[in-house]
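Before any comments, here is the structure.
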Amino acid sequence: MNWQGQTVMITGASSGIGAGFAEALAARGADLVLVARSADVLQHTARRLRAAHGVRIDVVVQDLTAPGAVAAVRSATEQRGLTVDALINNAGFASAGRFHEVPADRVNTEVALDVAALVDLTTAYLPGMVERGRGAIVNIASIAAFQPTPYMAVYGAAKAFVLSFSQALWAENRRAGVRVTAVCPGPVDTGFLGVVGTSEVRVGRPRQVGYVVERALRAVERNRPVVTPGPENAWVPLVSRLLPRRLVAAVTGRSLRGAVDAPSAARVPTAGSLTAGFPATEH
Ligand SMILES: NC(=O)c1ccc[n+]([C@@H]2O[C@H](COP(=O)([O-])OP(=O)(O)OC[C@H]3O[C@@H](n4cnc5c(N)ncnc54)[C@H](OP(=O)(O)O)[C@@H]3O)[C@@H](O)[C@H]2O)c1
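Each residue of the sequence shown is one higher than the one before, counting from 4 in our numbering.
Okay, structure coming up:
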């Protein structure tokens, strides 16, 4: 896929993986629409990327969990005469803890951002892509999508939704010229864990944002429905398919309970040494 001159909307572009997509795509000559709540950060990023790459950058400051949020984003792009050629649904966050102890409004916001906003944005921009016979939807799921995640119950379920939704759209659109890819990273070195609620949770050696973004873009270019960046994550989809679901839930629960109850001691083992040499697994 040639990104040069394409207009790509990135949600959650003010930090972490979204900011990494913005860097990588501006460097490839794409025009960008950056969406998040942090106006100053987005404006600063826009100025920097325009100066560095000579591309058009639009900023839409929007809380995607607010009522009417996606309609507002859509009308902002329409008013500016923008055609969104590709959409990267990246904004998301997680809650940790026993489900019944997580505040209800936090749970609702998590579902609103990780699931509802992603679906609504896809509803807003996919029809135009299908009509034009080209485009891309990139949904940032997680390695958590492949199994139930006790103590992060809503997050795993939300990402499982994103994975399943993406795979279905990939199949619906693969002959329509529109690519759909679910990106399922393991731990990535961003501010994400701070937002989870405890910055002490440790879930393996994190990958750098640039690594994840490059693997994701390569998967989109190859029209792969799913990518799990990093060889250390390659076994997760397979193992979680082969083992009984209740065993997977129990083992995952033991790992994550440790992380929540005794943050500094907890580690989820990785299998990087077994699979070193494979840069990413596309499914
Ligand atoms: N980091 C990891 O280990 C990891 C692993 C697997 C998957 N992921 C997924 O990767 C995606 C990006 O996470 P990240 O690690 O880059 O985390 P991050 O650095 O915390 O970035 C989250 C982004 O989402 C935006 N955002 C949060 N709430 C929002 C809202 N209500 N409306 C609009 N934008 C909102 C934030 O911007 P504002 O605060 O400015 O709104 C920020 O730009 C998420 O979907 C996450 O689930 C992360």
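Idealized CB from N, CA, C, for every residue including glycine.
Owing to the predicted nature of the structure, the values given are computational and were not obtained by experimental measurement.
- Message: Does R90 come out as helix, strand or coil in the three-state DSSP assignment?
- Response: As a position in the sequence shown, residue 90 is number 87, starting the count at 1. Going by the sequence as given, residue 90 is Leu instead of Arg. L90 falls in the strand class under three-state DSSP.
- Cβ-based burial, N92 [other Cβ within 10 Å; buried from 16]: Looking up residue 92 in the sequence shown gives position 89. So N92 counts as buried.
- Item | Neighbourhood of P209 by C-beta distance below 7 angstroms, restricted to the same chain and skipping five residues each side | The count along the sequence shown starts at 1 and reaches residue 209 at position 206. Once the five neighbours on either side are set aside, the close Cβ partners of P209 are P190, V191 and D192.
- Query: Taking the alpha-carbon positions, what's the Q170 to V118 distance?
  - Reply: On the sequence shown, position 167 is the one that residue 170 refers to. On the sequence shown, position 115 is the one that residue 118 refers to. Each residue's Cα considered, the two are about 15 angstroms apart.
- Query: Roughly how many angstroms separate the alpha carbons of A16 and E104, rounded to a whole number?
  - Reply: Stepping through the sequence shown from its first residue, residue 16 is reached at position 13. Stepping through the sequence shown from its first residue, residue 104 is reached at position 101. Between A16 and E104, the C-alpha separation is close to 30 angstroms.
- Message: So, does the segment 232–248 touch the segment 43–54, judging by three or more C-beta pairs under 8 angstroms?
- Response: no
- Message: Less than 9 angstroms between the beta carbons of G256 and P151, yes or no?
- Response: Within the sequence shown, residue 256 is the residue found at index 253, counting from 1. Within the sequence shown, residue 151 is the residue found at index 148, counting from 1. Against a cut-off of 9 angstroms, the Cβ pair of P151 and G256 comes out as a contact.
- Query: Closer than 8 angstroms: is that where the CB of F168 sits relative to any heavy atom of ligand 1?
  - Reply: Counting from one through the sequence shown, the residue named residue 168 turns up at place 165. Flag unset: Cβ of F168 not near ligand 1.
- Message: Between which residues of its own chain and G95 is the CB-CB distance below 7 angstroms, once the five residues before and five after are set aside?
- Response: As a first step, residue 95 is located in the sequence shown; it is residue number 92 there, counting from the start. Same-chain partners within the cutoff: G15, L116, D117 and I143.
- Query: Which residue's Cα is closest to the Cα of G233: P153, R77 and I146?
  - Reply: Residue numbering aside, residue 233 sits at position 230 when the sequence shown is read from its first letter. Measuring from the Cα of G233, the nearest candidate turns out to be I146.
- Distance CB(A185)-CB(V165) smaller than 9 angstroms: Reading the sequence shown from its first residue, position 182 is the one you call residue 185. Reading the sequence shown from its first residue, position 162 is the one you call residue 165. Yes, the pair counts as a contact, with Cβ atoms nearer than the cut-off.
- Within the chosen definition, does the segment 70–80 reach the segment 118–137 through at least 3 CB pairs nearer than 8 angstroms? yes
- ligand 1 heavy atom lying under 8 angstroms from the CB of R177: Counted from its first residue, the sequence shown places residue 177 at position 174. Outside the cutoff, so no.
- Task: Look at the alpha carbon of R137 and the alpha carbon of A174, and state the distance between them as a whole number of angstroms.
- Result: The count along the sequence shown starts at 1 and reaches residue 137 at position 134. The count along the sequence shown starts at 1 and reaches residue 174 at position 171. About 15 angstroms.
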